[in-house]
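Visitor: Below are the structure tokens for one structure; questions will follow.
Residue numbers (UniProt numbering): 1 to 377.
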């Protein structure tokens with residue numbers, strides 16, 4: 001056995017992770033491999049040294065013993081170091097497997113692939129979204145086959161380990177000192193084969209069905225929110241876990257309110273008489289009607305905030321407000337008498353007192369005059 005420090009051989013520190021050790025091994029093994037250094041005895045010895053260091057430092061028990069006792073831990077048959085474990089092909093099964101999701105060669109059964117996630121689009125009224133509701137939905141999906149309990153094998157039998165890949169789901173093809181890992185052609189990556197398939201699911205472990213689910217919609221949801229139902233997606237093949245179901249919320253437009261986050265907005269029409277003289281008007285809220293006091297000489301577009309009359313946030317950020325925008329309504333279908341009265345009122349605003357009665361008009365026309373004066377100057 002080499003007496004050089006194994007960490008020094010691989011060029012890593014004693015705190016190096018297994019991933020770091022694999023990367024160092026890959027780099028050095030490619031450098032010193034005999035196929036790339038034919039006839040170079042020194043390179044062959046270094047390759048053996050690198051390989052031995054890798055075998056020890058990637059085995060948790062051997063590494064712990066080495067860290068405590070050094071090379072003495074493997075002398076006199078202590079832990080059997082250097083016993084022909086990894087070969088150069090393992091570089092790709094280990095290092096590249098970590099990157100792309102594969103497992104170490106000889107690492108046991110291949111992990112099953114869970115079923116697909118599903119999405120269900122749910123449309124709600126504003127009232128349902130604000131208050132919360134429980135709804136039943138029907139979802140077409142794949143469900144685990146009951147007769148075979150999802151295994152795909154006929155009741156009374158069971159899947160058998162694939163003889164080609166020995167349950168790993170992958171095999172290696174060699175070309176020189178390179179090894180390429182690919183899906184097992186016999187079991188198609190499953191690691192098992194079914195010789196006697198279930199009559200109900202034909203060996204798939206799942207069947208098509210429509211599930212009825214009860215979905216609790218929390219108060220305060222809004223368009224774009226998603227509710228995740230774990231394990232209610234498609235069942236995986238051959239007994240693999242099911243995916244998840246995501247309920248995508250869309251809130252319909254309301255004929256009175258417009259929602260913006262936790263706040264609600266609405267327009268409240270008032271007569272120009274009330275806008276001028278003041279009064280009270282009934283305003284709708286999601287909890288019923290409330291009275292809003294309109295001050296005298298209120299201009300159209302003025303907004304009033306009613307605190308706490310908005311939406312309770314689903315994320316616990318408090319309750320929003322209701323913002324009411326007053327819109328002064330112009331009367332229509334006037335009689336001759338009404339028109340005469342309006343003309344009389346308009347004439348009463350004339351003369352030097354006009355500015356006092358029409359502050360916005362005065363300011364607007366003064367601005368227009370200045371604008372054209374600036375253009376001609």
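Think of the CB as a built atom: it goes at the ideal place given N, C-alpha and C, for glycine as much as any other residue.
A quick note: this is a predicted structure, and the numbers were derived from the prediction, not measured.
If I follow the unbroken alpha helix (DSSP H) through residue 23, where does it start and stop?
Guide: Taking the chain shown and counting its residues from 1, one reaches residue 23 at position 23. Per DSSP, residue 23 belongs to the alpha helix (DSSP H) from 18 to 32.
Visitor: Going by DSSP, name the residue or residues bridged to residue 260.
Guide: By one-based count along the chain shown, residue 260 stands at place 260. 263, per the DSSP bridge assignment.
Visitor: What does the alpha-carbon distance come out to for the pair residue 191 and residue 19?
Guide: As a working mapping, residue 191 is identified with position 191 in the chain shown. As a working mapping, residue 19 is identified with position 19 in the chain shown. Distance between the alpha carbons of residue 191 and residue 19 is about 26 Å.
Visitor: For residue 258, which residues in the same chain have their Cβ closer than 8 Å to its Cβ, ignoring the five residues on either side in sequence?
Guide: Locating residue 258 in the chain shown gives position 258, where the first residue counts as 1. Correct list, in chain order: 264, 265 and 266.
Visitor: Residue 121 bridges to which residues according to DSSP?
Guide: Within the chain shown, the letter at position 121 stands for residue 121. Residue 121 is bridged to 248.
Visitor: Report yes if the C-beta distance between residue 134 and residue 211 is below 8 Å; otherwise report no.
Guide: Mapped onto the chain shown, residue 134 falls at position 134. Mapped onto the chain shown, residue 211 falls at position 211. Cβ atoms of residue 134 and residue 211: not closer than 8 Å.
Visitor: Is the beta carbon of residue 250 less than 8 Å from the beta carbon of residue 123?
Guide: Mapped onto the chain shown, residue 250 falls at position 250. Mapped onto the chain shown, residue 123 falls at position 123. Their beta carbons are under 8 Å apart, which means residue 250 touches residue 123 by this criterion.
Visitor: Secondary structure at residue 4, three-state DSSP: helix, strand or coil?
Guide: Taking the chain shown and counting its residues from 1, the one referred to as residue 4 is at position 4. The answer is coil: DSSP assigns residue 4 none of H, G, I, E or B.
Visitor: So residue 9 and residue 42 are supposed to be a Cβ contact under 8 Å. How far apart are they, rounded?
Guide: Locating residue 9 in the chain shown gives position 9, counting from the first residue. Locating residue 42 in the chain shown gives position 42, counting from the first residue. About 14 Å separates the two Cβ atoms, so there is no contact after all.
Visitor: Looking at residue 275: is its Cβ nearer than 8 Å to the Cβ of residue 328?
Guide: Numbered from its first residue, the chain shown carries residue 275 at position 275. Numbered from its first residue, the chain shown carries residue 328 at position 328. Cβ distance < 8 Å, so residue 275 and residue 328 count as in contact.
Visitor: Tell whether a beta-carbon distance below 8 Å holds between residue 181 and residue 170.
Guide: Numbered from its first residue, the chain shown carries residue 181 at position 181. Numbered from its first residue, the chain shown carries residue 170 at position 170. In this structure, residue 170 lies closer than 8 Å to residue 181 by Cβ.
Visitor: Once you ignore the five residues that flank residue 143 on each side, which residues in its own chain have a CB closer than 7 Å to its CB?
Guide: By one-based count along the chain shown, residue 143 stands at place 143. Cβ neighbours of residue 143 beyond the five flanking positions: 206, 207, 209, 211 and 235.
Visitor: Report the rounded CA-to-CA distance for residue 186 versus residue 164, giving the unit in angstroms.
Guide: Taking the first residue of the chain shown as position 1, residue 186 is located at position 186. Taking the first residue of the chain shown as position 1, residue 164 is located at position 164. Cα-Cα distance, rounded: 7 Å.
Visitor: In the DSSP assignment, find the alpha helix (DSSP H) that holds residue 55 and state where it starts and stops.
Guide: Stepping through the chain shown from its first residue, residue 55 is reached at position 55. That run of the alpha helix (DSSP H) goes 41 to 57.
Visitor: Rounded to whole angstroms, what is the Cα-Cα separation between residue 53 and residue 167?
Guide: If you number the chain shown from 1, residue 53 lands on position 53. If you number the chain shown from 1, residue 167 lands on position 167. Roughly 29 Å between the two C-alpha positions.
Visitor: Hey, residue 242 and residue 314: beta-carbon distance below 8 Å or not?
Guide: Residue 242 sits at position 242 when you count from the first residue of the chain shown. Residue 314 sits at position 314 when you count from the first residue of the chain shown. Result no, Cβ atoms of residue 242 and residue 314 do not sit closer than 8 Å.
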